[in-house]
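**Student:** Encoded as structure tokens, here's the structure I'll be asking about.
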DNA sequence: TGGCTATACTTGAGTACGCAAACAACTATA
DNA sequence: TATAGTTGTTTGCGTACTCAAGTATAGCCA
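Protein chains in written order, with my numbering: chain S, 1 to 160; chain R, 1 to 160.
Okay, structure coming up:
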């Protein structure tokens, strides 16, 4: 048994590179989040949460739907919203037709915060990605990545 | 101020999709890791750590180099190796020429564990990715993703 | 109407990191 | 050859999650 342990598996190197690249993404996301925290005191999840709310009807969403959009578990959403509520960017709102659900609703302060942060954040995202890819490349990439299961679920739930 | 809050930013939707897709990857990685844990008691980081060691000269690597390969901080590596040492898959080895460094060296048990796990793991990776992409698409994707900063750093450190 | 399962959400416990600080040992510089 | 800076590693603390279990409501079907 020598060091070609796994090389009898065809095309391992491609798959292997794949996993490494996936992991690189986590680092890229972390970098975006760190900038946002430094400049505006929001994590990338905070930001995206506010963003999704700002686009929703009545600027409010059920926690379950937010979880799907953010690719988080329900408990993750509860704790994310805890922070945003404490900061005054989001408030709870109950649902007339279903007593189980509590909406998360964007406040005026939350909307303002989002607007303040968006310029810098979009610039950061651009810096990270647009510098490296042409328009068509970006589209191609989005199309390819969109085939992955979780990503697809998130994208679907955006379009209706 | 209406709900087109940010729509005056050109091509936001592409960037926006981007960030969401990136986040989807974290979920994909988690899924791979969960399978590996269930079937073999290794996290994906454990697995990749063993894999990198198995390919290294003398089946040993400095912690710093391992950190770069795994896209982890040095402290993350210390704790990852803690677990693998406790399980007997990796052992410490000192360096003659530099007293600061301690190598992580793969044990026979570690190599065996890696071999046991590799079949299932490679199958899982294939299932996740290869089903969705053709060979050329996979290459294109790897090329595009390789331009991101962290990924590039990891890839570079592999080739010398 | 009374149970049964499904859904929405929260809570407690555990984990896998990162960051900053500490320390030791190398290296270059003057 | 002292000394300043760099590099490799570990440790303490904080955080952002997950998972499993618990509670409450909803809707269905006998």
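Glycine included, each C-beta is placed from N, C-alpha and C at the ideal position.
Take the Cβ of residue 113 (chain S) as the centre, count every other Cβ of all protein chains shown within 10 Å, and call the residue buried at 16 or more, exposed below.
**Tutor:** So residue 113 (chain S) ends up on the buried side.
**Student:** Drop a sphere of 10 angstroms on the beta-carbon of residue 49 (chain S), count the other beta-carbons inside from all chains shown, and report buried for 16 or more, exposed for fewer.
**Tutor:** Buried, by the Cβ-count rule.
**Student:** Helix, strand or coil for residue 134 (chain R), going by three-state DSSP, please let me know.
**Tutor:** If DSSP states are grouped into helix, strand and coil, residue 134 (chain R) belongs with coil.
**Student:** Could you give the distance in angstroms between the alpha-carbon of residue 43 (chain S) and the alpha-carbon of residue 37 (chain S)?
**Tutor:** Each residue's alpha carbon lies about 5 Å from the other.
**Student:** Any beta-carbon of chain S closer than 8 Å to the one on residue 144 (chain R)?
**Tutor:** True, the Cβ-Cβ gap to chain S drops below 8 Å.
**Student:** Quick one: give me the first and last residue of the beta strand (DSSP E) that residue 94 (chain S) is part of.
**Tutor:** Residue 94 (chain S) -> beta strand (DSSP E) spans 90-94.
**Student:** Would you mind sorting residue 99 (chain R) into buried or exposed? The rule is 16 or more other CB atoms within 10 Å of its CB.
**Tutor:** Answer is exposed; the Cβ neighbour count stays below 16.
**Student:** Taking the alpha-carbon of residue 70 (chain R) as reference, which of R:85, R:51, R:132 has the nearest alpha-carbon?
**Tutor:** The residue with the shortest Cα to Cα distance from residue 70 (chain R) is R:51.
**Student:** So, at 7 Å on beta carbons, what are the nonlocal neighbours of residue 94 (chain S) in its own chain, with the 5 sequence-adjacent residues on each side left out?
**Tutor:** The answer, listed in chain order, is 102.
**Student:** If you draw a straight line from the alpha carbon of residue 77 (chain S) to that of residue 53 (chain S), how long is it in whole angstroms?
**Tutor:** Computed Cα separation, rounded: 13 Å.
**Student:** When you compare the CB positions of residue 117 (chain S) and residue 40 (chain S), do they come within less than 8 Å of one another, or not?
**Tutor:** Contact flag set, yes.
**Student:** Which residues mark the beginning and the end of the alpha helix (DSSP H) in which residue 43 (chain R) is found?
**Tutor:** Element bounds for residue 43 (chain R): n/a, residue is neither H nor E.
**Student:** Alpha carbons only, please: which of S:66, S:143, S:122 is nearest the one belonging to residue 33 (chain S)?
**Tutor:** Considering only alpha carbons, the answer is S:122.
**Student:** Quick check on residue 63 (chain R) - is its C-beta less than 8 Å from some C-beta in chain S?
**Tutor:** Residue 63 (chain R) does not count as touching chain S.
**Student:** If you count every other CB in all the chains shown that lies within 10 Å of the CB of residue 125 (chain R), and 16 or more means buried, which is it?
**Tutor:** Answer is buried; the Cβ neighbour count reaches 16.
**Student:** Can the beta-carbon of residue 45 (chain R) be found closer than 8 Å to that of residue 80 (chain R)?
**Tutor:** Closer than 8 Å, so yes.
**Student:** What does the alpha-carbon distance come out to for the pair residue 25 (chain S) and residue 140 (chain S)?
**Tutor:** Rounded to whole angstroms, residue 25 (chain S) to residue 140 (chain S) spans 17 Å at the Cα level.
**Student:** I'd like the ranges of any beta strand (DSSP E) spanning at least 3 consecutive residues and lying wholly in the stretch 44-80 of chain S.
**Tutor:** Listed in chain order, they are 60-62.
**Student:** Give the secondary structure of residue 99 (chain R) by DSSP, where H, G and I count as helix, E and B as strand, and everything else as coil.
**Tutor:** Note: residue 99 (chain R) maps to coil in three-state DSSP.
**Student:** Starting from the Cα of residue 61 (chain S), find the closest Cα among S:136, S:106, S:144 and give me that residue.
**Tutor:** Nearest C-alpha to residue 61 (chain S): S:106.
**Student:** Does the Cβ-Cβ distance between residue 137 (chain R) and residue 111 (chain S) come in under 8 Å?
**Tutor:** Against a cut-off of 8 Å, the Cβ pair of residue 111 (chain S) and residue 137 (chain R) comes out as no contact.
**Student:** Does any C-beta atom of chain R lie closer than 8 Å to the C-beta of residue 91 (chain S)?
**Tutor:** Cβ-Cβ to chain R under 8 Å: no for residue 91 (chain S).
**Student:** For residue 141 (chain R) and chain S, any beta-carbon pair shorter than 8 Å?
**Tutor:** Chain S contact via Cβ: present.
**Student:** Identify, in the order they occur along the chain, each residue of the same chain with its Cβ nearer than 8 Å to the Cβ of residue 35 (chain S), setting aside the five sequence neighbours on each side.
**Tutor:** The residues are 120, 121, 124.
**Student:** To the nearest angstrom, how far is the alpha carbon of residue 30 (chain R) from that of residue 115 (chain S)?
**Tutor:** Rounded to whole angstroms, residue 30 (chain R) to residue 115 (chain S) spans 32 Å at the Cα level.
**Student:** Counting contacts by CB-CB distance shorter than 8 Å, is residue 78 (chain R) in contact with chain S?
**Tutor:** No - not a single Cβ of chain S is within 8 Å of the one on residue 78 (chain R).
**Student:** If we cut at 8 Å on Cβ distances, does residue 101 (chain R) have a partner in chain S?
**Tutor:** Closer than 8 Å: no.
**Student:** Give every residue of the same chain whose Cβ lies closer than 7 Å to the Cβ of residue 73 (chain S), excluding the five residues on either side of it in the sequence, and list them in chain order.
**Tutor:** The residues are 67.
**Student:** Going along chain R in order, which residues have a C-beta closer than 7 Å to the C-beta of residue 22 (chain S)?
**Tutor:** Correct list: 25, 28, 29.
**Student:** Return the first residue and the last residue of the alpha helix (DSSP H) that residue 194 (chain S) is part of.
**Tutor:** Residue 194 (chain S) cannot be examined here, being either before or after the span of chain S that is shown, 1 to 160.
**Student:** Determine, for residue 19 (chain S), whether the minimum Cβ-Cβ distance to residues of chain R falls below 8 Å.
**Tutor:** So yes, residue 19 (chain S) belongs to the interface.
**Student:** Apply the 10 Å Cβ neighbour rule to residue 86 (chain S) and answer buried if 16 or more other Cβ atoms are within range, or exposed otherwise.
**Tutor:** Under this definition residue 86 (chain S) is an exposed residue.
**Student:** Roughly how many angstroms separate the alpha carbons of residue 92 (chain R) and residue 130 (chain S), rounded to a whole number?
**Tutor:** Near 43 Å, if we compare the C-alpha coordinates of residue 130 (chain S) and residue 92 (chain R).
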